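Notes to accompany the following structure.
Now the structure itself:
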């Protein structure tokens, strides 16, 4: 078990003290995991432990933890330097080739892996994603980088300055993943025109009806917000909320945002497909007991 006091990156799951539980199932859909920034697919103390936990409590269901590139070094670097559009295309191709996913799968995204998996649901409806669970996902983007523990202090300072001053420059969008979901509420037009990933998957450039229809094919879309998050700013982005345009203090109500209707979230809410879960703790600090109690049943349901 890891100490909750040791947070190694923006993307690592940090297990806190937990109790064991048991769950059984005869037939459970496969599960696809996508790690966060600064993490990789298979570290035994991060997504490796998540994979094992799911297997233990779903009667050994197939769990695929996504690896971007041919090795863990490339996988790690992808979280910073491989454009999300390229990553999503890569994942869609590999999921389509996995015969064990052909009848459908559930998906869990950690931190930025959450919005990346949502892009998979919207762009690649085959094989079908049934339930999408995002843990600390930044669905409306971020505006602020208060912690950057995976990089040196100098690199972190440079990254923060770059995002604040030049996030929407073409070369920054091409070379830095976090710039593609940097959402500046003070300059909304710059964001919509300059964002090469988030503005697109949120239907803020033009209405892509396929995005709406494909997202609504989900049986369930579960968003988990870390209530004491000091990394994601604003933390409300984890529940698809963001600052009211023109300032960075007041959060706009979910049902008043443009994306609420433009992405068909209003329809999903009416149909009972949206679930908003909150958990005390900092970014991705979660107990095994909470995971077993709140998330495993979602994976077990048909």
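Numbering (mature numbering (1 follows the signal peptide of the UniProt record, and there is no 0)), first residue to last: -19 to -1, 1 to 283. Just so it is clear, CB atoms sit at the ideal spot from N, CA and C, and this is done for glycine as well. Every value quoted in this text rests on a predicted model; they were computed, and no experiment measured them.
Do you know offhand how far residue i's Cα is from residue j's?
i           : j           : result
residue 36  : residue 9   : 10 Å
residue 2   : residue 281 : The predicted position of residue 2 is uncertain, since its pLDDT is 45 and thus under 50; a value taken from the coordinates is nonetheless stated next. Rounded to the nearest angstrom, the two C-alpha atoms are 14 Å apart.
residue 4   : residue 41  : With a pLDDT of 43 at residue 4, under the threshold of 50, the predicted position of this residue should be treated as unreliable, and no value is reported.
residue 170 : residue 25  : 43 Å
residue 238 : residue 223 : 8 Å
residue 187 : residue 211 : 32 Å
residue 256 : residue 150 : 35 Å
residue 18  : residue 121 : 17 Å
residue 30  : residue 81  : 21 Å
residue 49  : residue 105 : 17 Å
residue 101 : residue 260 : 26 Å
residue 297 : residue 199 : The chain is shown from -19 up to 283; residue 297 falls before or after that span and cannot be answered.
residue 176 : residue 90  : 21 Å
Cβ of residue i within 7 Å of any heavy atom in the ligand NAP?
i           : result
residue 149 : With respect to the ligand NAP, the structure shown offers nothing to examine, as it has no ligands at all.
Give the DSSP-derived three-state secondary structure of residue i in the structure shown.
i           : result
residue 268 : strand
residue 254 : coil
residue 189 : coil
residue 12  : strand
residue 21  : coil
residue 39  : coil
residue 117 : coil
residue 3   : Note that residue 3 has pLDDT 44, beneath the 50 cutoff, so the model's placement of it is unreliable and no number is given.
residue 88  : strand
On the premise that residue j lies in contact with residue i, defined as a C-beta separation below 8 Å, what is that separation, rounded to the nearest angstrom?
i           : j           : result
residue 113 : residue 88  : 5 Å
residue 47  : residue 69  : Contact flag wrong, Cβ pair sits at about 11 Å.
residue 85  : residue 109 : 5 Å
Out of the options, which has the shortest C-alpha to C-alpha gap to residue i?
i           : options           : result
residue 226 : 164, 244, 279, 93 : 164
residue 236 : 248, 191, 34      : 248
- prompt: Fully enclosed by the segment 41 to 66, which alpha helix (DSSP H) runs are 4 residues long or longer?
  reply: 53 to 62
query: In chain order, which continuous runs of the alpha helix (DSSP H) of length 4 or greater are located wholly inside the segment 168 to 254?
result: 169 to 175, 179 to 182, 190 to 196, 239 to 243, 246 to 251
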